[in-house]
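Just add 22 to wherever you are in the sequence shown, counting from 1, and you've got my numbering.
The structure appears right after this line, and notes come after that.
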Amino acid sequence: SMMHGTTAILASKMGLQDHGCYHELCRLLGKINATHQLNELCANEQFQAWIEQVYGFTMDSLRRWEVMPNSKHYLLGFWAAMVSPVILLQEKAPKALESFIQQVTVAYVESRLFMAEASADPNATNDWDDPLEDEVL
């Protein structure tokens with residue numbers, strides 16, 4: 023199943039050094055909530071191991087904010103789509119899920135602060151465009 027396969031990939035980190043594979047895995051995870059409801063995912067016996075792997079992958083990705091920044095929004099979308107079902111399911115939602123969502127949110131804010139700090143450093147050599155240097159016609 024998809025859950026078993028992605029758990030194995032995330033646990034082994036197989037192929038994730040390749041930027042294309044990393045990006046496609048982020049895209050796949052971002053689309054999971056569009057095709058599956060949380061209660062369907064939770065019903066799978068693999069769910070706990072899977073969500074822990076997705077959480078770990080997301081946290082690692084956010085800590086490495088300078089790598090593949092255009093892939094992160096898929097992961098953020100995944101976690102954002104978990105918020106409403108957790109609120110609706112309340113006591114029936116997995117206990118760790120709310121904590122994971124909060125920690126991902128904090129890690130995202132911290133990653134943006136690190137990025138802002140790096141952008142403000144005149145000696146830094148960043149691979150992204152500085153929006154303050156953009157001239158709008």
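Glycine is no exception: its CB is placed at the ideal position from the N, C-alpha and C atoms.
These numbers were taken from a predicted model, which means no experiment stands behind them.
Boundaries (first-last residue) of the alpha helix (DSSP H) holding residue i
i: Lys117; result: Lys117 to Ala142
i: Thr90; result: Thr is not the amino acid found at residue 90; the sequence shown has Met there. From DSSP, Met90 is part of no alpha helix (DSSP H); its letter is neither H nor E.
i: Asn55; result: His41 to Thr57
i: Ala102; result: Lys94 to Leu111
i: Leu32; result: Met24 to Ser34
i: Ala65; result: Leu60 to Ala65
Residue i burial status per 10 Å Cβ neighbour count (16 or more: buried)
i: Lys94; result: buried
i: Cys43; result: exposed
i: Gly52; result: buried
i: Thr28; result: buried
i: Val126; result: buried
i: Thr80; result: buried
i: Leu32; result: buried
i: Val128; result: exposed
i: Val76; result: buried
i: Ser121; result: exposed
i: Ser34; result: exposed
CB of residue i within 8 Å of CB of residue j, strictly
i: Asn145; j: Leu111; result: no
i: Val108; j: Ala115; result: yes
i: Cys64; j: Leu97; result: no
i: Met90; j: His58; result: no
i: Met104; j: Asn55; result: yes
i: Trp101; j: Phe136; result: no
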